[in-house]
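Q:
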Amino acid sequence: MESAALISSSDPKAIEDKIKNDLMDLEKEEMEQILNTEEKRYLLYVERGDVASVQHIVKKGLKENEKKNGCFNINCLDPLGRSALIISIENENLDMISLLLQQGINPSDALLHAISEEYVEGVEVLLAHEEKIHSPGRPYSWTTTAGERAAFTPDITPLIAAAHKNNYEILKVLLDRGASLPMPHDIKCACDECLVTSADDSLR
Numbered sequence: 001m002e003s004a005a006l007i008s009s010s011d012p013k014a015i016e017d018k019i020k021n022d023l024m025d026l027e028k029e030e031m032e033q034i035l036n037t038e039e040k041r042y043l044l045y046v047e048r049g050d051v052a053s054v055q056h057i058v059k060k061g062l063k064e065n066e067k068k069n070g071c072f073n074i075n076c077l078d079p080l081g082r083s084a085l086i087i088s089i090e091n092e093n094l095d096m097i098s099l100l101l102q103q104g105i106n107p108s109d110a111l112l113h114a115i116s117e118e119y120v121e122g123v124e125v126l127l128a129h130e131e132k133i134h135s136p137g138r139p140y141s142w143t144t145t146a147g148e149r150a151a152f153t154p155d156i157t158p159l160i161a162a163a164h165k166n167n168y169e170i171l172k173v174l175l176d177r178g179a180s181l182p183m184p185h186d187i188k189c190a191c192d193e194c195l196v197t198s199a200d201d202s203l204r
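Going by the working numbering, the sequence shown opens with residue 1, and the numbers climb by one from there.
#1: Is G81 near the ligand MN - that is, is its Cβ less than 7 Å away from at least one heavy atom of it?
#2: Given N65, which residues of its chain have a CB within under 7 Å of its CB, disregarding the five upstream and five downstream residues?
#3: Could you tell me which of M96, E47 and T37 sits nearest to Q55, measuring between CA atoms?
#4: What's the C-alpha gap between D176 and Y119?
#5: Rounded to the nearest angstrom, what separates K67 and E47 at their Cα positions?
#6: At the level of alpha carbons, what is the spacing between I89 and D186?
#7: Mind the definition here: the region 38 to 45 touches the region 73 to 87 only if three or more C-beta pairs lie below 8 Å; say whether that holds.
#8: Decide if A52 is buried, meaning its Cβ has at least 16 other Cβ atoms within 10 Å, or exposed.
#9: Do the CB positions of A110 and L126 come within less than 8 Å of each other?
#10: In its own chain, which residues sit with a C-beta less than 6 Å from the C-beta of P107, not counting the 5 before and 5 after it?
#11: With a threshold of 8 Å on Cβ separation, who are the neighbours of E29 within its own chain once the five nearest residues in sequence on each side are excluded?
#12: Looking at A190: is its Cβ nearer than 8 Å to the Cβ of I115?
#13: Write down the C-beta distance between G137 and N91 rounded to the nearest angstrom, noting that I regard them as a contact closer than 8 Å.
#14: Report, in whole angstroms, the separation of the C-beta atoms of N75 and I34, which I expect to be a contact under 8 Å.
#15: Assuming I156 and L112 form a contact by the criterion Cβ under 8 Å, report the distance between their Cβ atoms to the nearest whole angstrom.
See the structure below:
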């Protein structure tokens, strides 16, 4: 809607500013996706399951970042859009998952991926980590991945993901930790939450 309004606008400056902002966003996104040599080695060692080498690269990279002369991103993505944590979940490498979480990797929607992979041990480790880092009133990690990078729709919670897989063991783990389903709102509900979710409806 905003783009359409600008295109029909007679203000050339507004159009020019919009184009500049769009180009800057694209350039920023492209830069985020370009991996440097250390990040390529990091993801390769994660894929191979080499915990010792990953630990060395991460510690070295984070140390250089602190000195302001490094550009290592522990949350970098491979060409398939996977973080090191997602790769570790797919490989069911619990030691690697624990190391990455200790080093401060962003969990993002890793818990949902672990449930999707039906990796029970990974789910337990990620839940324990979430309990450590979560603050009351703040969103959970799996709700913070947005836009094109999100692998799951906003309505998918860990409990719903486990129910989709019909995995009793993971469901029990979640329920034992207090997971619950929110009460559904009336179909004609016009509260702020319903207005926002209807605007973001993935089926539209």
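Backbone N, C-alpha and C fix where the C-beta goes; we use that ideal spot for every residue, glycine too.
A: Looking at the coordinates:
#1: In the structure on display, the ligand MN does not appear, and there are no ligands present to speak of.
#2: In the sequence shown, the residue the question calls residue 65 occupies position 65. Correct list, in chain order: F72.
#3: Residue numbering aside, residue 55 sits at position 55 when the sequence shown is read from its first letter. The residue with the shortest Cα to Cα distance from Q55 is M96.
#4: Numbered from its first residue, the sequence shown carries residue 176 at position 176. Numbered from its first residue, the sequence shown carries residue 119 at position 119. Each residue's alpha carbon lies about 17 Å from the other.
#5: If you number the sequence shown from 1, residue 67 lands on position 67. If you number the sequence shown from 1, residue 47 lands on position 47. Their Cα atoms are separated by approximately 28 Å.
#6: Taking the first residue of the sequence shown as 1, we reach residue 89 at position 89. Taking the first residue of the sequence shown as 1, we reach residue 186 at position 186. Taking the straight line from one Cα to the other gives about 38 Å.
#7: yes
#8: Mapped onto the sequence shown, residue 52 falls at position 52. Its Cβ having fewer than 16 others within 10 Å, A52 is exposed.
#9: For the purposes of this step, residue 110 is identified with residue 110 of the sequence shown, where counting begins at 1. For the purposes of this step, residue 126 is identified with residue 126 of the sequence shown, where counting begins at 1. Yes; because the gap between Cβ atoms is below 8 Å, this pair is in contact.
#10: On the sequence shown, residue 107 is found 107 positions in, with the first residue counted as 1. S141.
#11: For the purposes of this step, residue 29 is identified with residue 29 of the sequence shown, where counting begins at 1. With a pLDDT of 48 at E29, under the threshold of 50, the predicted position of this residue should be treated as unreliable, and no value is reported.
#12: In the sequence shown, residue 190 corresponds to position 190, counting from 1. In the sequence shown, residue 115 corresponds to position 115, counting from 1. For A190 and I115, no; Cβs fall outside 8 Å.
#13: Position 137 of the sequence shown, counted from the first residue, corresponds to residue 137. Position 91 of the sequence shown, counted from the first residue, corresponds to residue 91. No, G137 and N91 are not in contact; Cβ-Cβ is about 35 Å, not under 8 Å.
#14: Counting from 1 along the sequence shown, the entry for residue 75 is found at position 75. Counting from 1 along the sequence shown, the entry for residue 34 is found at position 34. About 14 Å; that fails the 8 Å criterion.
#15: Here residue 156 corresponds to residue number 156 of the sequence shown, with the count starting at 1. Here residue 112 corresponds to residue number 112 of the sequence shown, with the count starting at 1. Indeed, because the Cβ distance is near 6 Å, the residues count as touching under 8 Å.
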